[in-house]
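Protein sequences appear in the order of chains A and B.
Going by our numbering, the residue at position 13 of the first sequence is 254; the numbering climbs one at a time, nothing skipped.
Going by our numbering, the residue at position 113 of the second sequence is 354; the numbering climbs one at a time, nothing skipped.
Beta carbons are placed, not taken as given, at the ideal position from N, Cα and C, and that holds for glycine.
Number of protein chains: 2
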Amino acid sequence: MNLQKYPQMALSVEIIIFALHEQSLQVLLAQRTENPYQGQWAIPGGFVQEDESLDKAASRELSEKTGLEGVFLEQLYTFGEPQRDPRGRVVTVAYFALVPADAPIRENNLSEAAHVAWFPVERLPRLAFDHNDILSYALRRLRNKLEYTAVGFQLLPEYFTLSEIQRTYEIILGVRLDKRNFRRRILGANIIEPTMYKRTGEGRPAQLYRFRLDAVAEVKARRLFP
Amino acid sequence: MNLQKYPQMALSVEIIIFALHEQSLQVLLAQRTENPYQGQWAIPGGFVQEDESLDKAASRELSEKTGLEGVFLEQLYTFGEPQRDPRGRVVTVAYFALVPADAPIRENNLSEAAHVAWFPVERLPRLAFDHNDILSYALRRLRNKLEYTAVGFQLLPEYFTLSEIQRTYEIILGVRLDKRNFRRRILGANIIEPTMYKRTGEGRPAQLYRFRLDAVAEVKARRLFP
DNA sequence: CCAAAAGTGTTTGCTCTACACCCATGG
DNA sequence: CCATGGGTGTAGAGCAAACACTTTTGG
Chain A
242 MNLQKYPQMA LSVEIIIFAL HEQSLQVLLA QRTENPYQGQ WAIPGGFVQE DESLDKAASR
302 ELSEKTGLEG VFLEQLYTFG EPQRDPRGRV VTVAYFALVP ADAPIRENNL SEAAHVAWFP
362 VERLPRLAFD HNDILSYALR RLRNKLEYTA VGFQLLPEYF TLSEIQRTYE IILGVRLDKR
422 NFRRRILGAN IIEPTMYKRT GEGRPAQLYR FRLDAVAEVK ARRLFP
Chain B
242 MNLQKYPQMA LSVEIIIFAL HEQSLQVLLA QRTENPYQGQ WAIPGGFVQE DESLDKAASR
302 ELSEKTGLEG VFLEQLYTFG EPQRDPRGRV VTVAYFALVP ADAPIRENNL SEAAHVAWFP
362 VERLPRLAFD HNDILSYALR RLRNKLEYTA VGFQLLPEYF TLSEIQRTYE IILGVRLDKR
422 NFRRRILGAN IIEPTMYKRT GEGRPAQLYR FRLDAVAEVK ARRLFP
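And the structure:
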């Protein structure tokens, strides 16, 4: 074929994997086993195969790193500065993933001996390549997205209490919210439904809710104009 | 370098170029001069050079196709299905551009003999590759973006009347808006300022405004919750 | 019975929406 | 003086924000 006359490059996908742990928003990072940046922390990822779509490459990498399937995964942005990888031209399609708090992460996978660990987003190490930039872009996008879609549920287990969602929003957005107003709003939005279960523990048992799969979970932004 | 062990691919950029012409939102398309899809209309674009960033490649292509520099240009999405180009693996980073209604488009450029033409978005031909999908995604994103940022000004000349902005919004969103409410809102948003000029023509002359460069042109979306 | 977290309404102010008439200019 | 588009205010409804006490359970 006549594509060879055009410059050929390596393409990678990288996945910013967010989860809530211990009352903070955390990101899964992988320690590099080779040069360049050997030993430094980086956003997990890998190269796109010849016959593989970008989405497939991303979910394959996600499952290789964490063992997870079927979690929320969305393309974020494509980074293509010529000098961003010292080995040569590598263009990276960044994705972000939201994994439920109770998801069983298998941290050391067969195919990858890489050491991985969770880091709270406020206390990130210096990352390899341009990964600090990529991560802060992902974080901005997550916060933004949280404000006009119901994507926050992706970070919760299947059954959750109203206080748990509220805490989720408070953690990610970094604000305190009024309990009564929050409940009125979320129940009015008609995107969750009560279940027959309750969570017991300290204090009065709480009603467990779950996300409604048929919910239209997007808010019309208030237009700048009309 | 050791990048050669990873699959290498061709990378292209394509630019969906929007403008307002004759009371409708139009897109600039290029007729393909070679196979595959010879003679069919396609989104203009080209391959990314070895030492060129994605943004640079996009603005180079835009200026080759239209002669324009410095117009609004934003990365849209990256399309990477393995079979989307019959010649082989080509991953495309799509951008979209908004060009002012009065911009002088030089339609036939030296380096490209390609025939280009404007098409209203409601009456598009069948396009080459997966370009119909890409275009409808771009359109959705433009409409969305219009609702919470002041990006609509990118489609207007430097000086414009309030009626002209209102018509811009009506055309793109496909709705009718109330004149008084629209004006109250846009003036309250503090993103435009009156100038010393008026536009004369039929009827009473209209005050000309311009976009304030220091304006914070983003609306906080109403949160789903709080 | 005490500690802990769940659950529940009302009032006030603001924002959005609907709506109709006069004004300035050119022909 | 007439046609054309530009420019202006107000009242009513719906939404958002502030605010404190009672309920249910486990220990």
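To the nearest angstrom, how far is it from the Cα of residue i to the Cα of residue j?
i: alanine 299 of chain B; j: glycine 429 of chain A; result: 44 Å
i: arginine 325 of chain A; j: aspartate 371 of chain A; result: 6 Å
i: glutamine 279 of chain A; j: arginine 273 of chain A; result: 5 Å
i: phenylalanine 401 of chain A; j: leucine 269 of chain B; result: 49 Å
i: alanine 251 of chain A; j: phenylalanine 320 of chain B; result: 15 Å
i: leucine 380 of chain A; j: aspartate 374 of chain A; result: 10 Å
i: valine 392 of chain B; j: lysine 386 of chain B; result: 7 Å
i: aspartate 455 of chain A; j: phenylalanine 337 of chain A; result: 23 Å
i: isoleucine 412 of chain A; j: aspartate 292 of chain A; result: 40 Å
i: alanine 271 of chain A; j: isoleucine 284 of chain A; result: 6 Å
i: arginine 451 of chain A; j: proline 435 of chain A; result: 6 Å
i: proline 341 of chain A; j: proline 361 of chain A; result: 16 Å
i: valine 289 of chain A; j: tyrosine 247 of chain B; result: 8 Å
i: proline 277 of chain A; j: glycine 308 of chain A; result: 26 Å
i: threonine 390 of chain A; j: isoleucine 406 of chain A; result: 14 Å
i: phenylalanine 259 of chain B; j: asparagine 431 of chain A; result: 37 Å
i: lysine 297 of chain A; j: proline 327 of chain B; result: 20 Å
i: valine 312 of chain B; j: arginine 445 of chain B; result: 32 Å
i: glutamate 255 of chain B; j: proline 366 of chain B; result: 17 Å
i: leucine 351 of chain A; j: histidine 262 of chain B; result: For leucine 351 of chain A, the predicted model reports a pLDDT of 41, less than 50, meaning its position is unreliable and no value from the coordinates is stated.
i: glutamine 264 of chain A; j: leucine 449 of chain A; result: 19 Å
i: serine 294 of chain A; j: glutamine 245 of chain A; result: 20 Å
i: histidine 356 of chain A; j: alanine 447 of chain A; result: 38 Å
i: arginine 301 of chain A; j: leucine 396 of chain A; result: 20 Å
i: leucine 314 of chain A; j: arginine 440 of chain B; result: 50 Å
i: leucine 317 of chain B; j: tyrosine 438 of chain A; result: 43 Å
i: valine 416 of chain B; j: alanine 335 of chain B; result: 27 Å
i: serine 377 of chain B; j: threonine 333 of chain B; result: 16 Å
i: glutamate 305 of chain B; j: isoleucine 257 of chain A; result: 36 Å
Closer than 9 Å, CB to CB, is residue i near chain A or not?
i: glutamate 291 of chain B; result: yes
i: glycine 308 of chain B; result: no
i: proline 323 of chain B; result: yes
i: alanine 342 of chain B; result: no
i: leucine 252 of chain B; result: yes
i: phenylalanine 288 of chain B; result: yes
i: arginine 328 of chain B; result: yes
i: serine 352 of chain B; result: Its pLDDT being 45, under 50, serine 352 of chain B is placed unreliably in this model, and the value from its coordinates should be taken loosely. It does not; no Cβ of chain A falls within 9 Å.
Is any beta-carbon of chain B found at less than 9 Å from that of residue i?
i: proline 248 of chain A; result: yes
i: phenylalanine 320 of chain A; result: yes
i: asparagine 373 of chain A; result: no
i: phenylalanine 401 of chain A; result: no
i: arginine 347 of chain A; result: no
i: proline 398 of chain A; result: no
i: leucine 295 of chain A; result: yes
i: leucine 244 of chain A; result: yes
i: glutamine 316 of chain A; result: yes
i: valine 357 of chain A; result: no
i: alanine 260 of chain A; result: no
i: valine 334 of chain A; result: yes
i: valine 331 of chain A; result: yes
Can you name the start and end residues of the alpha helix (DSSP H) that residue i belongs to?
i: glutamate 302 of chain B; result: 295-307
Could you check where the beta strand (DSSP E) with residue i kicks off and where it finishes?
i: alanine 251 of chain A; result: 249-262
i: valine 332 of chain A; result: 331-339
i: leucine 317 of chain A; result: 313-320
i: valine 357 of chain A; result: 357-361
i: phenylalanine 370 of chain A; result: It is not in any beta strand (DSSP E) - phenylalanine 370 of chain A carries neither H nor E in the DSSP assignment.
i: glycine 280 of chain B; result: Looking at the DSSP string, glycine 280 of chain B is not in any beta strand (DSSP E), and its letter there is neither H nor E.
Kindly identify the DSSP beta-bridge partner or partners of residue i.
i: alanine 342 of chain A; result: DSSP lists no partner for alanine 342 of chain A.
i: glutamate 275 of chain A; result: None, per the DSSP bridge assignment.
i: glutamine 479 of chain B; result: Since the first residue of chain B shown is 242 and the last is 467, residue 479 of chain B is not available in this structure.
i: leucine 269 of chain B; result: B:Ile258 and B:Trp359
| field | Minimum length 4: unbroken alpha helix (DSSP H) runs contained in the region 378-456 of chain A | value | Counting only runs of 4 or more, we get 403-414 and 420-429.
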